[in-house]
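Colleague: Have a look at this one.
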Amino acid sequence: MTSNPIKLGIVGVGKIVRDQHLPAVAKDGDYRLVAAASRHGKVDGIPNYPTIEAMIAAEPDLEAVSLCMPPQFRYDAARTALEAKKHVFLEKPPGATVSEVEHLKALAEKNGVSLFASWHSRYAPAVEAARAFLASVKLTSAAINWKEDVRRWHPNQEWIWEPGGFGVFDPGINALSIATHI
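In structure tokens:
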């Protein structure tokens with residue numbers, strides 16, 4: 002725990018934020034959640050704003066943002082935060098295109114802030130064991146059979162089915178993340 006925790010804002014308050022981000026931030030003394038911005042969700046006990054722009058304008062001491070909204074909105078929000086000189090954490094996938102991510106990377110470097118993309122599935126307990134095993138054998142072919150019930154793991158998240166929402170590739174990208182790591 003640090004005596005000067007990073008003042009964090011979360012953008013996009015949905016299932017993943019409630020299940021993963023809020024508990025993780027609450028347990029880690031290096032961060033202090035000071036605000037949230039979301040079209041639909043709210044976090045009790047902190048100021049809530051309808052947009053990232055409103056949050057940044059009202060919270061001048063905000064140091065970093067965690068962007069947990071649907072992917073089709075993430076690039077604009079990341080650009081807004083980086084231009085305001087805030088550190089940015091991107092949920093997966095970090096962008097719709099490589100050029101989007103490269104632009105964000107250049108913007109972060111220009112403004113002296115960090116840009117980090119999460120590929121959380123790589124940290125599942127079995128991944129390193131699989132990686133070690135695969136390093137010890139000659140692999141001649143590979144196939145991924147990824148089964149994730151979107152309606153079970155992403156209930157009421159209709160953005161998945163909206164244009165630009167990446168459809169089932171948003172949860173399915175976890176398989177790609179693991180495959181490229183191992």
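The working numbering applies: residue 2 is where the sequence shown begins, and numbers increase by one.
Glycine included, every Cβ here is placed at the ideal spot set by N, Cα and C.
Nothing here was measured: the structure is a model prediction, and the numbers come from that model.
1. Under 7 angstroms, do TRP27 and GLY10 count as touching if we go by C-beta distance?
2. In the DSSP assignment, what residue or residues form a beta bridge with LEU116?
3. For ASP45, I'd like the list of residues in its chain whose CB is within less than 8 angstroms of its CB, leaving aside the five on either flank, ordered along the chain.
4. Ends of the beta strand (DSSP E) at LEU34?
5. What number of angstroms, rounded off, separates the C-alpha of ASN49 from the C-alpha of MET70?
6. Just verifying my parser: in three-state terms, what is the DSSP assignment at LYS8?
7. My output table needs one value for SER142: the three-state DSSP class, helix, strand or coil.
8. For the ligand GTP, is there any heavy atom lying closer than 6 angstroms to the beta carbon of HIS41?
9. Which of the three DSSP states is assigned to ASN49 in this structure?
10. In the DSSP assignment, find the unbroken beta strand (DSSP E) run with LEU83 in it and report its ends.
11. Within 10 Å of its beta-carbon, does TRP154 have 16 or more other beta-carbons around it, so buried, or fewer, so exposed?
12. Using a 10 Å radius around the Cβ and a threshold of 16 neighbouring Cβ atoms, would you call LEU116 buried or exposed?
13. For the beta strand (DSSP E) holding LEU68, just list the boundary residues, first then last.
Modeller: Reading from the atomic positions:
1. The question names Trp, yet the displayed sequence has Ala at residue 27. No; because the gap between Cβ atoms is not below 7 angstroms, this pair is not in contact.
2. Residue pairing of LEU116 in beta bridges, as defined by DSSP: VAL89.
3. Excluding residues within five positions, none has a Cβ falling inside 8 angstroms.
4. 32-38
5. 15 angstroms
6. strand
7. The answer is coil: DSSP assigns SER142 none of H, G, I, E or B.
8. This structure does not include the ligand GTP; it has no bound ligands of any sort.
9. strand
10. Note, LEU83: premise wrong, no beta strand (DSSP E); alpha helix (DSSP H) at 72-84.
11. exposed
12. buried
13. 65-68 is the span of the beta strand (DSSP E), which, as asked, contains LEU68.
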